[in-house]
Amino acid sequence: MPDNGAVLSEKALAERFGAVVLPHLGDALALARWLTGNAADAEDVVQEACLKAHAGIAGYAGGNARAWLLTIVRNTAYSWMSRNRPRGTIAVGDLGDLDEMAAAHGAGLPDDNGLEASLIAKADTAALGAAIAALAQPFRETLVLRDINGLSYREIAAMLGVPIGTVMSRLARARGLLVSELGRAP
Amino acid sequence: MTGHDDGLPNDPEGIRLMIHALVDGELDAAAALAVERRIAADPALAAEHARIVALQAAVSRLPRPDVSDAFRARIAAIGMAGIEQQAPAESAEPQRGASPALPRLIAGAGGGQRRETGTRPFQTRPSSKTRLFGSFDWRALAASIVISAVLASGATQWLMFNGASDSFAAAVASGHRRSLLAASPIDIVSSDRHTVKPWLDARIGVSPPAPDLAQDGYALIGGRVEVIADRPVPALVYRHREHLITLVAEPQQGGSVSQPEDLSSGGFSLVHWSDGAFSYWAISDMERPELDDFVARFRKAAV
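First to last, the protein sequences are chains A and B. For the first sequence, my numbering begins at 601 and goes up steadily by one. For the second sequence, my numbering begins at 154 and goes up steadily by one.
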């Protein structure tokens with residue numbers, strides 16, 4: 601039915617969905633995996649997020665498609681976890697005290713110059729994965745969005761609804777924790 | 154840690170954040186230079202810098218979840234559901250798309266719990282659009298990109314009457330002009346091609362060769378994404394004394410190899426050539442001989 605405008609428009613939306621969502625499934629799964637903690641839940645979360653993305657695709661106004669999808673994935677992951685693991689989740693949006701805590705600790709992080717970069721570079725995958733999983737949620741999501749999904753500070757700040765300075769201090773704190781964790785003798 | 158007059162924070166925590174920002178390619182050229190100087194002068198900062206770089210490399214080596222074919226097919230089916238339905242009302246309210254068709258698709262995909270999760274969004278549909286975008290104003294974030302796209306497509310339309318190659322050249326020229334007027338001519342500031350290439354890769358999935366020609370007097374200072382003829386294309390920015398050179402690299406598929414060709418006009422020197430993989434457009438307000446020298450050195454280094 602090439603003359604049917606409605607069908608064409610649906611087709612255009614479907615094409616947009618294909619162009620905007622499908623190329624970033626790997627990133628979406630990676631984010632969901634680190635937020636939920638396992639790969640099976642990640643698929644459920646990403647699938648639900650893609651349904652929401654499909655419903656909202658007409659409102660996608662251009663720009664970084666990956667950040668757009670990841671924003672939906674993140675929000676979906678938290679609502680999914682609050683539904684399926686009511687006890688395990690923390691209230692997002694009430695992180696002020698966590699940031700204060702981080703600021704208090706951040707300055708006191710030992711400047712361990714004996715810890716060589718080469719040791720970190722050789723860190724084994726399982727130890728690094730466990731260290732990331734052990735990070736508190738706000739630190740973990742900031743680190744994953746930056747170092748695994750490759751978003752900019754600005755994009756992360758917009759996604760989390762926090763100032764750029766908060767993104768920077770959470771990221772520095774997250775990396776500091778990982779560095780000291782990986783440097784610890786087994 | 155006192156007596157620095159470079160505009161950087163002087164407290165240890167502040168300078169630490171700046172080192173992270175440097176590694177992440179978030180600093181403009183002046184700040185990046187200042188932080189690099191601090192690092193060079195202070196072994197403790199240099200060690201911190203090395204640790205951050207090493208950690209980032211280790212994290213990037215973590216295995217990424219596989220996107221299985223079955224999963225990809227399931228998600229692709231979500232996109233196709235709207236077409237199968239063919240309801241004329243859908244186009245008026247596209248965000249409602251496909252709702253009745255989808256639970257069927259999802260039901261085949263997993264157990265009972267999964268089905269319930271999958272259908273949940275539709276039960277809350279009336280407010281889903283507001284909720285999706287309420288906390289995150291995409292239009293604001295994307296505004297600059299959209300403006301570039303509008304400008305570029307405007308330039309393209311204007312030049313529809315000329316040849317395709319001319320219109321691309323004009324778009325390259327207007328992109329370069331615009332960059333000189335903008336607050337910063339670059340989106341990713343780094344003299345390190347190992348930062349610039351991944352940044353471009355992550356944004357648009359392609360990155361051209363980005364040799365640093367600092368020894369030859371052409372320092373790589375960063376990159377940006379140009380939108381030309383409705384397509385995002387990578388652009389590298391080099392500096393030669395006070396002049397900026399924008400090098401737009403349009404990916405080619407099975408393209409031909411062509412020698413540098415002079416397309417200069419309107420006060421700018423513009424040289425175009427291609428190497429099969431990319432079609433290059435180098436533009437600057439330098440004199441032609443100097444730009445030719447840059448082109449020759451780039452082509453030699455990019456091989």
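Here a beta-carbon is modelled for each residue, glycine too, at the ideal position from N, C-alpha and C. Only a predicted model underlies this, so the values are computations on that prediction, with no experimental measurement involved.
Report the neighbours of E414/B on chain A: residues whose CB is nearer than 9 Å to its CB, in chain order.
Those do not exist, as E414/B stays about 33 Å from chain A at its closest Cβ, beyond 9 Å.
Does the segment 448-456 of chain B come close enough to the segment 354-368 of chain B to have 3 or more Cβ pairs within less than 8 Å?
Counting Cβ pairs under 8 Å, three or more are found: they touch.
Should the segment 651-664 of chain A be regarded as contacting the segment 611-621 of chain A, the criterion being three or more beta carbon pairs within less than 8 Å?
The segment 651-664 of chain A is in contact with the segment 611-621 of chain A.
Using C-beta distances below 8 Å, list every residue in its chain close to A757/A, excluding the 5 sequence neighbours before and after it, in chain order.
Hits under 8 Å: P763, I764, T766, V767.
Enumerate in chain order the residues of its own chain whose CB-to-CB distance from G178/B is below 7 Å, with the five nearest sequence positions on each side excluded.
So the qualifying residues of the chain are I341, V342, S343, T348, W352.
Between the beta-carbon of A772/A and the beta-carbon of L400/B, is there less than 8 Å?
No, these two residues do not count as a Cβ contact at 8 Å.
Assess contact between the segment 727-739 of chain A and the segment 217-226 of chain B, defined as three or more Cβ pairs (one per stretch) separated by less than 8 Å. Is contact present?
Short answer: they don't touch.
Does any CB atom of chain A fall closer than 8 Å to the CB of V232/B?
Before going further, note that residue 232/B is Gly rather than Val in the sequence given. For G232/B, the answer is yes, since a Cβ of chain A falls inside 8 Å of its Cβ.
Using a C-beta to C-beta distance shorter than 7 Å, which residues of chain A count as neighbours of V220/B?
Those within 7 Å of V220/B in chain A are L625, G626, L629.
Note down, in chain order, every chain A residue with its Cβ under 7 Å from the Cβ of D345/B.
Result: empty, since nearest Cβ-Cβ is about 16 Å, beyond 7 Å.
Who are E414/B's beta bridge partners in DSSP?
DSSP, once it has assigned bridges, lists H425/B as partnering E414/B.
At a CB-CB cut-off below 7 Å, which residues of chain A make contact with A211/B?
I720, A721, A723, L728, listed in chain order.
On the DSSP letters alone, give me the boundaries of the beta strand (DSSP E) that L95/B sits inside.
This structure does not reach residue 95/B, given that chain B is present from 154 up to 456, and the question cannot be answered.
Can a CB atom of chain B be found closer than 8 Å to the CB of S769/A?
Chain B, which has a Cβ nearer than 8 Å to the Cβ of S769/A, makes this yes.
Which parts of the segment 614-694 of chain A are runs of the alpha helix (DSSP H), unbroken and 4 residues or longer, counting only runs that do not cross its ends?
Complete alpha helix (DSSP H) runs here, min 4: 625-636, 639-656, 665-684.
Using the Cβ count rule (16 or more neighbours within 10 Å means buried), how would you classify V424/B?
Buried, by the Cβ-count rule.
Would you give the residue range spanned by the alpha helix (DSSP H) that V744/A belongs to?
Element bounds for V744/A: n/a, residue is neither H nor E.
Where does the unbroken beta strand (DSSP E) through A774/A begin, and where does it stop?
Looking at the DSSP string, A774/A is not in any beta strand (DSSP E); the run it does join, the alpha helix (DSSP H), is 764-783.
Within the segment 331-367 of chain B, note down every full alpha helix (DSSP H) run reaching 4 residues or more, in order along the chain.
Whole alpha helix (DSSP H) segments, 4+ residues: 346-357.
Is there contact between the segment 625-644 of chain A and the segment 670-688 of chain A, where contact requires at least three CB pairs shorter than 8 Å?
Yes, they touch.
Starting from the beta carbon of V206/B, find every residue of chain A whose beta carbon is closer than 8 Å, and list them in chain order.
Neighbours of V206/B on chain A, chain order: A717.
If I'm right that A667/A touches V646/A with Cβ under 8 Å, what's the distance once you round it to whole angstroms?
A667/A to V646/A, Cβ: 15 Å. No contact.
What is the rounded straight-line gap between the Cα of A229/B and the Cα of G662/A?
Whole-angstrom Cα-Cα distance: 20 Å.
Cβ of I398/B within 8 Å of Cβ of A435/B?
Cβ distance < 8 Å, so I398/B and A435/B count as in contact.
With distance defined between alpha-carbon atoms, name the residue in E166/B, E395/B, G328/B, G376/B nearest to R346/B.
It is G376/B.
Please check if any C-beta of chain C sits within less than 8 Å of the C-beta of S752/A.
The chain inventory of the structure shown lacks chain C, comprising the protein chains A and B.
Looking at the secondary structure, which residues open and close the beta strand (DSSP E) in which A727/A lies?
Careful: A727/A lies outside any beta strand (DSSP E), inside the alpha helix (DSSP H) at 725-734.
Tell me, please, whether the CB atom of I228/B is closer than 8 Å to any CB atom in chain A?
So yes, I228/B belongs to the interface.
Of the choices E189/B, P165/B, S320/B, A388/B, whose alpha-carbon is the least far from that of S437/B?
Closest option to S437/B, Cα to Cα, is A388/B.
Please list, in chain order, the residues of the segment 172-197 of chain B that have any C-beta partner in chain A closer than 7 Å.
The residues in question are H173, A174, D177, E179, A197.
Could you pull out every residue in the same chain whose Cβ sits closer than 8 Å to the Cβ of A774/A, ignoring the five residues on either side in sequence?
Only L735, F739, R740, T742, L743 meet the Cβ criterion.
Determine which residues share a DSSP beta bridge with G511/B and list them.
Outside the modelled stretch of chain B, which goes from 154 to 456, sits residue 511/B, for which no answer is possible.
Check this for me: beta carbons of L630/A and I748/A, under 8 Å apart or not?
The sequence shown places Ala at residue 630/A, not Leu. Against a cut-off of 8 Å, the Cβ pair of I748/A and A630/A comes out as a contact.
Have a look at L745/A and L777/A and give me their C-alpha separation to the nearest angstrom.
L745/A and L777/A: Cα-Cα distance of roughly 17 Å.
Using a Cβ-Cβ distance under 8 Å, would A741/A count as near chain B?
The identity of residue 741/A in the sequence shown is Glu, whereas the question assumes Ala. Closer than 8 Å: no.
To the nearest angstrom, how far is it from the Cα of D159/B to the Cα of R685/A?
Those two C-alpha atoms are separated by around 50 Å.
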